[in-house]
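Okay, so here's the structure we're looking at.
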Amino acid sequence: MEKKSLIEVLPEIVKEGKREVEQIMERINSGTGLALQTNELVLPAKDATGRLYQGKLPEEPSWGTWLNRLIYGDNLLVMQALLTGDEQSNLPSMRGKIDLIYIDPPFDSKADYRTKITLPGVDLEQKPTVIEQFAYADTWKDGTVSYLKMMYPRLSLMKELLSEKGSIFVHIDWHVGHYVKIILDEIFNKENFVNEIIWSYDWGGRGETEFAKKHDNIYLYQKSNNRYFDGYSVAVPYQTQIEGRKNPLVSEEKFNRGKIPTDVWNIGIVHAVGKERLNYNTQKPEALLERIIKSSSKKDSIVADFFAGTGTMAAVAEKLNRRWIVTDIGKPATMIIRKRMIDNEAKPFMFHSVGDYQKEAFGSSKLFRRIGDLAHVVLQLYGAIPFPDADNPNRNLGYIKSSNTLVMVDSPNKVTGTSTVRKASELRSSFMGGGWNKVILLGWNFAYDIATAIQEISDEKLEVLVIPPDLIDKLKTKKSYKTLIDQGKIRFSSLQYLTIKPVKKEPSGDGHEKLTIALNEYVLLSPDNVPLDDKSREKLQQVIKKDPLALIEYWSVDPDYDHQMFRSRWQDYRENRENDKDKYYVIKKAVINVPKKDKRSICVRAVDVFGFESIVIQEI
6 MEKKSLIEVL
16 PEIVKEGKRE
26 VEQIMERINS
36 GTGLALQTNE
46 LVLPAKDATG
56 RLYQGKLPEE
66 PSWGTWLNRL
76 IYGDNLLVMQ
86 ALLTGDEQSN
96 LPSMRGKIDL
106 IYIDPPFDSK
116 ADYRTKITLP
126 GVDLEQKPTV
136 IEQFAYADTW
146 KDGTVSYLKM
156 MYPRLSLMKE
166 LLSEKGSIFV
176 HIDWHVGHYV
186 KIILDEIFNK
196 ENFVNEIIWS
206 YDWGGRGETE
216 FAKKHDNIYL
226 YQKSNNRYFD
236 GYSVAVPYQT
246 QIEGRKNPLV
256 SEEKFNRGKI
266 PTDVWNIGIV
276 HAVGKERLNY
286 NTQKPEALLE
296 RIIKSSSKKD
306 SIVADFFAGT
316 GTMAAVAEKL
326 NRRWIVTDIG
336 KPATMIIRKR
346 MIDNEAKPFM
356 FHSVGDYQKE
366 AFGSSKLFRR
376 IGDLAHVVLQ
386 LYGAIPFPDA
396 DNPNRNLGYI
406 KSSNTLVMVD
416 SPNKVTGTST
426 VRKASELRSS
436 FMGGGWNKVI
446 LLGWNFAYDI
456 ATAIQEISDE
466 KLEVLVIPPD
476 LIDKLKTKKS
486 YKTLIDQGKI
496 RFSSLQYLTI
506 KPVKKEPSGD
516 GHEKLTIALN
526 EYVLLSPDNV
536 PLDDKSREKL
546 QQVIKKDPLA
556 LIEYWSVDPD
566 YDHQMFRSRW
576 QDYRENREND
586 KDKYYVIKKA
596 VINVPKKDKR
606 SICVRAVDVF
616 GFESIVIQEI
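According to the working numbering, the sequence shown holds residues 6 to 625 in order.
Right under this line is the structure:
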């Protein structure tokens, strides 16, 4: 059968996209949207002689207050959470609230999504995370067809988020630009197309067998005829000379006011050694975003970027006093953005993640209809024998006879936390008469304080392991399950954890006290869980052996942790050279002044170069 051309497939793409959007909106309208997990309320105060965040501490965010948002996760899931509103994150529904959206989606199927990581004396190349790998694979599985299938529902949800005076700028290039334009016409209506902006740059190589490609396309659409636009806010000078003669059309009044730019923008790219450079291939210059934000939003407007990259939208929006929401599926990207905003001494902002990847993967699985069916398979892949259903109604418990070990599998719809760990420990003593030598808890998603929970329960006969995050994707058919059983290649990884030294407290006068908080050890128990090739993994083992703390990318402190929301009032990260002048290490000790208290909980959160996060709490 002859393969259909892209033009023939377009109606199918639109039909399938509309159906997907209808299902999503039905879920949202029924109030069963996705939740955001709050990782951190960031109060920017990068270490410079141990200062804390100096501004007024924001109250617990409420429905009447606004905090800017950085969100890690698939933007299709993020936008569903934004449309629904998230009471746990104190975020009202953003439907019809966003005045400006700029997106710069990937548009090259051959792009290299690996991340270069430099450790002391070692360069590693990290493959994308499992979530990223599947996102990129799905995006380009069938070339441009898959790409357009990916874009259709996302652009549709962006339209729902735009206000009536809103604009959307879609940044694309020659790979797929003309097809994306057709999709945009379908979603926003052809009559709402405003401009095709040509971003022209003259940098890099020259064409030998063709004219060198030296521009990108930015498609501008409006939500309605009520679009906000202030072209004079980005006015450019008039051309005052024509072939050596004065231009008679330019009066002094016009000359002083300038003119609204045309749709061809000559703005330089971010150079490899420029001060804006963040070592990210697709980084866009701040001048480009400044023109977009100034012309199409007002001060205090909410602006958004759902393919945030290095966070140029957030950085420029912050400088121009706009409120912002940015999101990216890449863990390295969100780590860069967090550091960039702290470097820029931004206003306090929330850092969220979507913790529902496994839930979504399970929901779309054709092999499993019940959580218990999946748990049964996980038990067998681990090498455990499931208990009969009569004794095991949730079908999530099994045993290893040779070592008298009880095995429990948590749900992909849950975040494994303190209560589940405690239940597993109790089952070791009670289930089927108790007397188990050991209990092993297998989980998909973990609360950030899981290491603290394990330490507090203090059960030496309890072990917590991570189910491979791509397992559901690998279990698409019964045949794939049988193959995994036969090959026995499933790795269940240990959790990583951070420890700190006992906090030192001493009076510092004026009703304050000085706290000395020092990192002690970082344990990455399973380097196998890091997406590296064998050569890079071997180099990593050498670094771990020499100095495991060299893996820490970022750490922050909440000196008054309320056990509900982590407020980072002090941060240090690699590339911050205020104190140690070394771009490859964080400082290992924070000395901070705080108001004197008899008792306090100190919480330290760290993220390593691969994006794994750990948290430790110490009561003093």
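Glycine included, C-beta positions come from ideal geometry on N, C-alpha and C.
Could you have a look at residue i and say whether DSSP puts it in helix, strand or coil?
i    : result
Q501 : coil
E624 : strand
Q42  : strand
I108 : strand
Q576 : strand
P600 : strand
G236 : helix
I122 : strand
Y566 : coil
K364 : Any reading at K364 must be qualified, since the residue scores a pLDDT of 48, below 50, and its modelled position is unreliable; the value itself is stated next. Note: K364 maps to helix in three-state DSSP.
I173 : strand
Y589 : coil
E323 : helix
S301 : helix
W68  : In this predicted model, W68 has a pLDDT of only 45, less than 50, meaning its place in the structure is not dependable; the value taken from the coordinates is given anyway. Three-state result, W68: coil.
E291 : helix
N80  : helix
V614 : coil
Y387 : helix
K479 : helix
L411 : strand
R74  : strand
A523 : strand
T89  : helix
So the alpha helix (DSSP H) residue i belongs to, where does it begin and stop?
i    : result
D348 : K336 to D348
M155 : T149 to L166
G182 : G182 to F193
E543 : D539 to K551
A456 : I455 to I462
Specify, as a first and last residue, the run of the beta strand (DSSP E) that residue i falls within.
i    : result
V26  : Element bounds for V26: not the beta strand (DSSP E) but the alpha helix (DSSP H), L11 to N34.
S424 : No beta strand (DSSP E) holds S424; the alpha helix (DSSP H) holding it covers T423 to S435.
S205 : F198 to S205
E558 : I557 to D563
K510 : K509 to G514
M99  : No beta strand (DSSP E) contains M99, which DSSP labels as neither H nor E.
G405 : A small fix is needed here, since residue 405 is Ile in this sequence, not Gly. Looking at the DSSP string, the run of the beta strand (DSSP E) that includes I405 is L402 to I405.
Compare the beta carbon distance of residue i and residue j with 9 Å and say whether it is the shorter of the two.
i    : j    : result
N197 : K228 : yes
V420 : I445 : no
I18  : K154 : yes
V609 : L524 : yes
V562 : I607 : yes
G171 : Y233 : yes
A320 : R296 : no
L87  : I330 : yes
I106 : A309 : yes
A292 : G273 : yes
V359 : L384 : no
R328 : I298 : no
Count the other CB atoms within 10 Å of the CB of residue i; is the residue buried (16 or more) or exposed (fewer)?
i    : result
G148 : exposed
F392 : buried
F216 : exposed
H568 : exposed
H357 : buried
A410 : Ala is not the amino acid found at residue 410; the sequence shown has Thr there. It counts as buried.
M318 : buried
M84  : buried
I597 : buried
S541 : buried
D613 : buried
W560 : buried
A340 : Sequence check: residue 340 is Met here, not Ala. Buried, because 16 or more other Cβ atoms sit within 10 Å of the Cβ of M340.
Q131 : buried
Y152 : buried
Give me the Cβ distance between residue i and residue j, rounded to the nearest whole Å; I'm assuming they're in contact under 8 Å.
i    : j    : result
I108 : H180 : Not a contact, Cβ separation roughly 15 Å.
S94  : L41  : 5 Å
M355 : R74  : 5 Å
L500 : V535 : About 13 Å separates the two Cβ atoms, so there is no contact after all.
K51  : D348 : 7 Å
I76  : T315 : That pair is no contact at about 15 Å.
Y527 : L554 : 5 Å
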